[in-house]
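Just so you know, the sequence shown maps onto residues 43 to 178 in the working numbering.
Every residue, glycine too, gets a C-beta built ideally from N, C-alpha and C.
Here the structure comes first, spelled out in structure tokens, and everything after it is commentary.
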Amino acid sequence: MMTERTLAIIKPDAVERKLIGNILSRIEESGLDIIALRTASLSKEEAEGFYNVHAHRPFFDSLTSYMSSGPVVLAVLEGDNVISKWRQLMGATDPKEAEEGTIRRDLAVDKEKNSVHGSDSPESVAFEIPYFFNGL
Ligand code: ATP
Ligand code: MG
Numbered sequence: 043m044m045t046e047r048t049l050a051i052i053k054p055d056a057v058e059r060k061l062i063g064n065i066l067s068r069i070e071e072s073g074l075d076i077i078a079l080r081t082a083s084l085s086k087e088e089a090e091g092f093y094n095v096h097a098h099r100p101f102f103d104s105l106t107s108y109m110s111s112g113p114v115v116l117a118v119l120e121g122d123n124v125i126s127k128w129r130q131l132m133g134a135t136d137p138k139e140a141e142e143g144t145i146r147r148d149l150a151v152d153k154e155k156n157s158v159h160g161s162d163s164p165e166s167v168a169f170e171i172p173y174f175f176n177g178l
């Protein structure tokens, strides 16, 4: 038993297409607990700070413009092995490579507009949850 937390984001492409309920239902149906939840509109600077690990990548400017292009939903999930379970539910970064039944395969637009984010390690969680949720 490894009770963990992770940060989930419903990205602007999914909020715009009215997929918040669909995605939150998948989280609940998979047995993960949502322990914090809010909407936000990220500034370009907030998006750049959040994705700072990708600052050197060619897609950084496009990614942070997209992430600040419209509202997002921020959530903290909790459960046994939730970091890996949420990443499995999300599917691969590129929806064309994601397994059937995953959020990205079913709902994402393309490799950038891929509908959801999930922390990829305990180290990322320790940075990402307090970045958006004071005191968590
Ligand atoms: P996330 O961190 O958002 O959960 P991820 O861990 O699957 O996604 P990363 O490699 O961390 O993927 O990339 C962060 C985000 O940058 C991706 O989710 C996607 O929105 C965008 N991205 C990644 N690679 C590319 C690419 N080659 N072209 C365009 N956008 C990309
Ligand atoms: Mg990532």
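Taking DSSP as the reference, what is the three-state secondary structure of Glu-46? strand
Determine, using beta carbons only, whether Glu-170 and Leu-49 come nearer to each other than 7 Å. yes
6 Å CB neighbourhood of Glu-120 in its chain, flanking five on each side removed: Arg-47, Asp-75, Ile-77
DSSP beta-bridge partners of Arg-80: Leu-116
Give me, in chain order, the residues of the same chain whose beta-carbon lies closer than 8 Å to that of Leu-84; leave out the 5 immediate sequence neighbours on both sides. Phe-92, Met-109, Ser-110, Val-114
Under a three-way DSSP split, which group does Gly-121 fall into? strand
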